[in-house]
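A.B. asks: I'd like to ask you about the structure that follows.
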Amino acid sequence: MLASRSSSSIRLILVRPTSSIVHNHSHQPTLLTPNCRYSSSKSTPTTTSLPDPPKKRSSYSPSPSPPPLPPKEQKEFISLINQSNSSPQEQSNNQSHPDLRNLGPEEFQGDVNPKTGEVNGPKRDPLKWPNEWGYGGRVE
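Start counting the sequence shown at 1; every next residue gets the next number (full-length UniProt numbering).
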């Protein structure tokens, strides 16, 4: 919006521009923010000072904590937590999932396969016969 127009100065006051590109007096497009003023006496646009919009209140508000337990119940609660976090005593390393089928004994001991030289590979050959391309009866 042009406030006044004279040969000595052209003052352009932007309140809420409809586009982000505004043409100044030299007909070169200039990018201005919505709250900027352009004066021909100055080389750069200046930002007007508007009051800050009201800040939104945070949706998070601290709530009070539950009341503390009596000392005897607190000790019991802590011991129950420690029991649930510790590993079971009777669990053995040999136990596996019941759906896991037994594929037979391992073919070698250690980390390196003596036949192929593979390190940290499977302990038994997944192929039943030397030239078989099907794994466990399924062709892949």
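All C-beta atoms, glycine included, are put in the ideal place defined by N, C-alpha and C.
Note that the structure is a prediction, hence the values are computed from the model and not measured.
#1: Whole angstroms are fine: how far does the CA of Asn85 sit from the CA of Ser65?
#2: Roughly how many whole angstroms lie between the Cα atoms of Glu118 and Pro98?
#3: Distance, Cα to Cα, Ser96 vs Lys115?
#4: On a Cα-Cα basis, can you pick out the residue from Lys123, Asn102, Leu100 that is closest to Ala108?
#5: Residues in the same chain with beta-carbon distance under 7 Å from Glu106, minus the five sequence neighbours each way, listed in chain order, please.
#6: Taking the C-alpha atoms as reference points, what is the distance between Val22 and Ser59?
#7: In chain order, what residues of the same chain lie with their CB nearer than 8 Å to the CB of Phe77, ignoring the 5 residues before and after it?
#8: Skipping 5 residues on each side, what residues in its chain have a beta carbon closer than 8 Å to that of Gln74?
#9: Rounded to the nearest angstrom, what separates Ser79 and Gly104 at their Cα positions?
C.D. replies: Judging by the given coordinates:
#1: 24 Å
#2: Each residue's Cα considered, the two are about 29 Å apart.
#3: 28 Å
#4: The sequence given here has Phe at residue 108, not Ala. The shortest Cα separation from Phe108 among Lys123, Asn102, Leu100 belongs to Lys123.
#5: Lys123, Arg124
#6: Interpretation of Val22 is limited by its pLDDT of 49, a score under 50 that renders its predicted location unreliable; the figure taken from the coordinates is listed afterwards. Approximately 39 Å, taken between the alpha carbons.
#7: Leu69
#8: Contacts found: Pro68.
#9: 42 Å
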